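What follows is a short report on a single structure.
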Amino acid sequence: LSAHGVAEGALMRSLRGALALVCALCAGLPTAPGTGPRFARTADSTPLTPPTTALLHTVIRRGPPTAGLALAA
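My numbering puts the sequence shown at residues 7 to 79.
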C-alpha cells in the first residue's frame, strides 16, 4: 500500500469509530424508544419508595487492621 492508502485507511477507521460512538450515545437518549423511564415524573406522581435500612449501617473496611486493634492469639 502507498502512504496515501494507509492514511486514507486510518481516516476511515477513525470516522467509523466516531460514527459507532455517536450511535451508542444516541441509543441511550431518553427519546429513543424502549429506553429510559416510561413516563415523566411530575410533582403529583406517587413518591418513590425509600431504600431499605438493612445495609444503612454496614461498614466495609479495606486495608490493614488499625494499630489499636489487639489480635487474639
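Beta carbons: idealized from backbone N, C-alpha and C, even for Gly. Computed from a predicted model, the values in this text were never measured in an experiment.
Requested in this report: Give me the Cα-Cα distance between A30 and T52, rounded to the nearest whole angstrom.
Outcome: Locating residue 30 in the sequence shown gives position 24, where the first residue counts as 1. Locating residue 52 in the sequence shown gives position 46, where the first residue counts as 1. Rounded to whole angstroms, A30 to T52 spans 32 angstroms at the Cα level.
Item checked: Rounded separation between H28 and G34 - CA only -> Here residue 28 is taken as the residue at index 22 of the sequence shown, counted from 1. Here residue 34 is taken as the residue at index 28 of the sequence shown, counted from 1. Position check: residue 28 holds Val in this sequence, whereas His was assumed. V28 and G34: Cα-Cα distance of roughly 10 angstroms.
Specify the secondary structure class of G34 as computed by DSSP and reduced to three states. Against the sequence shown, residue 34 aligns to sequence position 28. Correct three-state label for G34: coil.
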